[in-house]
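In what follows, a single structure is set out as structure tokens and then discussed.
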Amino acid sequence: MTSPESLRVRASSPRQPSWRAQAPVVGAVALGGAAGAAVRYAASLGWPTPAGGFPWTTLWVNIAGCAVIGVFMVIITEVRSAHPLVRPFFGTGVLGGFTTFSTYAVDIRRLLDAGQAGPGLAYLVATPLAALTAVWLAAGATRRVLKGRQR
Numbered sequence: 009m010t011s012p013e014s015l016r017v018r019a020s021s022p023r024q025p026s027w028r029a030q031a032p033v034v035g036a037v038a039l040g041g042a043a044g045a046a047v048r049y050a051a052s053l054g055w056p057t058p059a060g061g062f063p064w065t066t067l068w069v070n071i072a073g074c075a076v077i078g079v080f081m082v083i084i085t086e087v088r089s090a091h092p093l094v095r096p097f098f099g100t101g102v103l104g105g106f107t108t109f110s111t112y113a114v115d116i117r118r119l120l121d122a123g124q125a126g127p128g129l130a131y132l133v134a135t136p137l138a139a140l141t142a143v144w145l146a147a148g149a150t151r152r153v154l155k156g157r158q159r
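To get the working numbering, take the position in the sequence shown, counting from 1, and add 8.
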């Protein structure tokens, strides 16, 4: 037999948003992701990595995308409020589709498989360090520029 305690809904348990409530967010992320991935693909066509070559395009795409997220987050969290779909569209979608840490992992494997352990390990370490540095520098520069404009 079921006890009354097991039938009671806990007030502290968060209710999951319905699919309909999340559909605009999913759509914004999907559209932004498609746009970002298309730009990244265009970059790989414009600056292809030769077989066994160092993946400069992926490195610069990831650094640039991280710098842009630094600027973007300062603007939408510290300067002005944005429409609720701007962050999922641009931050998660466009920049998530543009940056490519999955390709970064594949590129490391390709370098190692080609016997290029030095460049592969350097790339393994340099990419996240450069990406995080780009976020930090871009966010700081954005704050300084915007602070100077407020005077």
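Ideal placement from N, C-alpha and C gives every residue a C-beta, glycine not left out. Please read these numbers as outputs of a predicted model, since none were measured by experiment.
- DSSP, read as helix, strand or coil, puts Pro32 in helix.
- Bounds of the alpha helix (DSSP H) holding Leu129 are Ala125 to Gln158.
- Nearest C-alpha to Gly73 among Ala51, Ser26 and Gly60: Ala51.
- Note on geometry: alpha-carbon atoms of Leu119 and Gln30 lie some 40 Å from one another.
- Apart from sequence neighbours up to five positions away, the residues of its chain that approach Gly44 with a beta-carbon distance below 7 Å are Gly101, Val102, Leu103, Gly104, Gly105 and Phe106, ordered along the chain.
- Cβ contact annotation for Leu154 (same chain, cutoff 7 Å, sequence separation greater than five): Val87, in chain order.
- Contact between Ile84 and Ala90 holds, with the beta-carbon distance rounding to 4 Å and staying under 8 Å.
- Pairing Gly78 with Ala142 gives a Cβ-Cβ distance under 8 Å.
- In this structure, Ala36 sits away from Leu129, with a CB-CB distance that is not shorter than 8 Å.
- Here Arg95 is buried, its C-beta having at least 16 other C-beta atoms within 10 Å.
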